[in-house]
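Q:
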Amino acid sequence: MTSKKTELMVGIFVALALAATLMLALQVANKGMSGSGEVYQVSAKFDNIGGLKARSSIKVGGVVVGRVTRIYLDNQELIPVVDMEISADYARTFPETSSVSILTAGLLGEQYVGLTPGFVFPGEDPIYLGDKEGETQFIVDTKSAIVLEDLIGQFLFGKDSD
Amino acid sequence: MNWLINLGASTLGKLSGLGNASLMLWGGLVAFPRLKNIPLIIQQIYVVGVQSLLIILVSGLFIGMVMALQGYTILVSYGAEGSLGPMVALTLLRELGPVVTGLLFAGRAGSALTAEIGLMKATEQLSSLEMMAVDPLRRIIAPRFWAGVISMPMLALIFSAVGILGGHLVGVDWLGVDSGSYWSIMQATVDWDKDVVNGVIKSFVFALVVVWVALYKGYSAIPTSEGISKATTETVVFSSLAILGLDFVLTALMFGIN
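Protein sequence lines correspond, in order, to chains A and B.
For the first sequence, the residue numbers in numbering that gives the first Met the number 0 are 0 to 161.
For the second sequence, the residue numbers in numbering that gives the first Met the number 0 are 0 to 257.
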């Protein structure tokens, strides 16, 4: 009923559609890279998160190591809490003393979380991020996003507001 | 009194048309699982999908290129030309891919389906099939219906992919946006479930509407040359309007309310 040529053309059509889907998945949405590996959770409390959003990246020296999963307000302390997941490739890499700060890529760019690895006391058994399974591990040393209005205020009225 | 009679008659006519269309759709849906119909569907995918490929590829490429050009001239004045990638990708995946594919599909394939079935009816081929105890819904309508519903999401995906490549061609290769930022900011922004899958769902819904309208208009066409031409026109007009209206509803449901 259907000639070989028709079947060939339909086959090419379907292959083309599959190639388009593959391209959209890998190249455009980056599905294969982000969702593949295992992750571990950490949280951090900030005074001000600025324009940080869920899915913003976590970078160490510019290298993306994880993503922000959730941002919410702590009910008791009324300060923002940022939940993050870091790729398990970097398990037992960053000491507990690491610090996180909210930075901006370029002048108008998106905001991201910059992670600065901390130090390990010599002779001590170090605790790394992701070591405590089952409970939320908080990064203590955090620096908030820079709000332009605060900066201008400090500039105008001296450093006393700090 | 006359206008009341007219109102009643036209309401009844509309309702029975809707009923007939639903019955036909039901026939098309139920008639799918027959294994021996698969070759018929492949034949129709060739007619409906493969033969629409050229217009989809060309228009996708040019729409992507135009969007990159327009977007660049605006974004560069804010120094934000790195955001060209996500702009092109999100516009194509969320809106233009499904909608423009739907409109082109209605013009290219929908009108052809209506004319073909209308002519089959005018030349009494459908009646002869019934005389030979072959159900025209199973034999003629169902393969075309499923071929359209299968083809159009694939065409929309191809449209979006080609459009993004076209945007790359103009934005990166011609205007000099950094290739790394074109792709990486796109990857950071575009979400698989929210953007790509929702776009596919949209084009699936549009395909249902376009093919349904096209087949019903052909099936119920007045079997004269004038009637077929009217039915073909109505197919393009109705399905285009339905696509644009449904697109707003679907967008509101998918992206509007958080």
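Note that the Cβ used here is the ideal one computed from N, Cα and C, for glycine as well.
It should be emphasised that the depicted structure is a prediction, and the values quoted were computed from it without experimental measurement.
Would you identify the three-state DSSP class for SER33 (chain A), choosing helix, strand or coil?
A: Per-residue confidence for SER33 (chain A) stands at a pLDDT of 49, beneath the threshold of 50, marking its modelled position as unreliable; no derived number is given.
Q: Let me know the alpha helix (DSSP H) ranges lying completely inside the region 102-153 of chain A, each 4 residues or longer, listed in chain order.
A: none
Q: Ordered along the chain, which non-local residues of its own chain (more than five positions away) have a Cβ less than 8 Å from that of SER178 (chain B)?
A: HIS167, VAL171
Q: Spatial neighbours of MET64 (chain B) within its chain, please: C-beta separation below 8 Å, excluding the five flanking residues on both sides.
A: GLY165, GLY166, LEU168, VAL169
Q: Strictly below 9 Å CB to CB, what residues from chain A border ASP177 (chain B)?
A: Neighbourhood of ASP177 (chain B) in chain A, by CB distance below 9 Å: empty, with the nearest CB roughly 12 Å away.
Q: Have a look at A:LEU25, A:GLN75, A:ASP140 and flag the residue whose alpha-carbon is nearest the alpha-carbon of PRO94 (chain A).
A: A:ASP140
Q: Alpha carbon to alpha carbon, how far is PRO85 (chain B) from ILE242 (chain B)? Give it in angstroms, no decimals.
A: 24 Å
Q: Is THR68 (chain A) helix, strand or coil when you go by DSSP?
A: strand
Q: What does the Cβ neighbour count give for ARG143 (chain B), buried or exposed, with the cut at 16 atoms within 10 Å?
A: Residue environment: ARG143 (chain B) is assigned as buried (16 or more neighbouring CB atoms within 10 Å of its CB, all protein chains considered).
Q: On the criterion of 16 or more Cβ atoms from any shown chain inside 10 Å, does GLY34 (chain A) qualify as buried, or is it exposed?
A: Residue placement at GLY34 (chain A) cannot be trusted, given a pLDDT of 49 that sits under 50; what the coordinates show is reported in the next sentence. Counting the other CB atoms within 10 Å of its CB gives GLY34 (chain A) a total below 16, which places it among the exposed residues.
Q: Classify VAL176 (chain B) as helix, strand or coil using the three-state DSSP reduction.
A: VAL176 (chain B) falls in the coil class under three-state DSSP.
Q: Can you find the residues in the same chain that come closer than 6 Å, C-beta to C-beta, to LEU24 (chain B), ignoring five residues on each side of it along the sequence?
A: TRP211
Q: Which residue marks the beginning of the beta strand (DSSP E) containing GLU321 (chain B), and which one marks its end?
A: Since the first and last residues shown for chain B are 0 and 257, residue 321 (chain B) lies out of range.
Q: I'd like to know whether the C-beta atoms of VAL67 (chain A) and SER55 (chain A) end up nearer to each other than 8 Å.
A: yes
Q: Anything in chain A within Cβ reach of ALA160 (chain B), meaning under 7 Å, just list it in chain order.
A: ALA19, MET22, LEU23
Q: Answer yes or no: does any C-beta atom of chain A fall closer than 8 Å to that of TRP182 (chain B)?
A: yes
Q: Please compile the residues from chain A whose C-beta is within a distance smaller than 8 Å of the C-beta of ASP134 (chain B).
A: The premise fails here: ASP134 (chain B) is roughly 18 Å from chain A at the closest Cβ pair, so nothing lies under 8 Å.
Q: Return the Cβ separation of ILE184 (chain B) and SER82 (chain B) in integer angstroms, given the expectation that the two are a contact with Cβ distance under 8 Å.
A: Going by Cβ atoms, the distance from ILE184 (chain B) to SER82 (chain B) rounds to 6 Å, so yes, they are a contact pair.
Q: Relative to the C-alpha of PHE205 (chain B), which residue among B:GLU94, B:TYR45, B:TRP2 is closest?
A: B:GLU94 is the residue among B:GLU94, B:TYR45, B:TRP2 whose C-alpha sits nearest the C-alpha of PHE205 (chain B).
Q: Would you list, in sequence order, the uninterrupted alpha helix (DSSP H) runs of no fewer than 4 residues that lie entirely inside the region 9-82 of chain B?
A: Within the region 9-82 of chain B, the runs of alpha helix (DSSP H) at least 4 residues long that lie entirely inside it are, in chain order, 37-47, 52-74.
Q: Please state whether the Cβ-Cβ distance between ILE78 (chain A) and ALA144 (chain A) is less than 8 Å.
A: no
Q: By Cβ distance below 6 Å, which residues in the same chain neighbour LEU51 (chain A) in space, the five residues on each side in sequence not counted?
A: ILE101, GLN110
Q: Does DSSP put VAL133 (chain B) in a helix, a strand or coil?
A: In this structure, VAL133 (chain B) counts as coil in the three-state DSSP scheme.
Q: Taking the CB atoms as reference points, tell me whether PRO121 (chain A) and VAL59 (chain A) lie closer together than 8 Å.
A: Not a contact, by the Cβ cut-off of 8 Å.
Q: Compare the C-alpha of VAL29 (chain B) against each of B:LYS35, B:GLU225, B:ALA141 and name the closest.
A: B:ALA141
Q: Between which residues of its own chain and LEU72 (chain A) is the CB-CB distance below 8 Å, once the five residues before and five after are set aside?
A: ILE78, PRO79, VAL80
Q: Please list, in chain order, the chain A residues whose beta carbon lies closer than 8 Å to that of ASP246 (chain B).
A: What ASP246 (chain B) touches in chain A: nothing, since even the nearest Cβ is about 20 Å away.
Q: Please state if the CB of VAL189 (chain B) and the CB of ALA19 (chain A) are separated by a distance shorter than 8 Å.
A: no
Q: For the alpha helix (DSSP H) containing VAL148 (chain B), list its first residue and its last residue.
A: In the DSSP annotation of this structure, the continuous segment of the alpha helix (DSSP H) that includes VAL148 (chain B) starts and ends at 141-167.
Q: Are there 16 or more other CB atoms within 10 angstroms of the CB of GLU148 (chain A), so buried, or fewer, so exposed?
A: Classification for GLU148 (chain A): exposed.
Q: Distance, Cα to Cα, LYS142 (chain A) vs ASP46 (chain A)?
A: 8 Å
Q: Hey, how far is the Cα of LEU92 (chain B) from the Cα of LEU53 (chain B)?
A: Going by C-alpha positions, LEU92 (chain B) is about 19 Å away from LEU53 (chain B).
Q: Just grab the DSSP bridge partners of ILE163 (chain A) for me.
A: Chain A is shown only over 0 to 161; residue 163 (chain A) falls outside these bounds and no answer can be derived.
Q: Give the interface partners of GLU37 (chain A) over in chain B, defined as CB-CB distance under 7 Å, in chain order.
A: The contacting residues do not exist; GLU37 (chain A) stays about 19 Å from chain B at best.
Q: Is ILE57 (chain A) helix, strand or coil by DSSP?
A: strand
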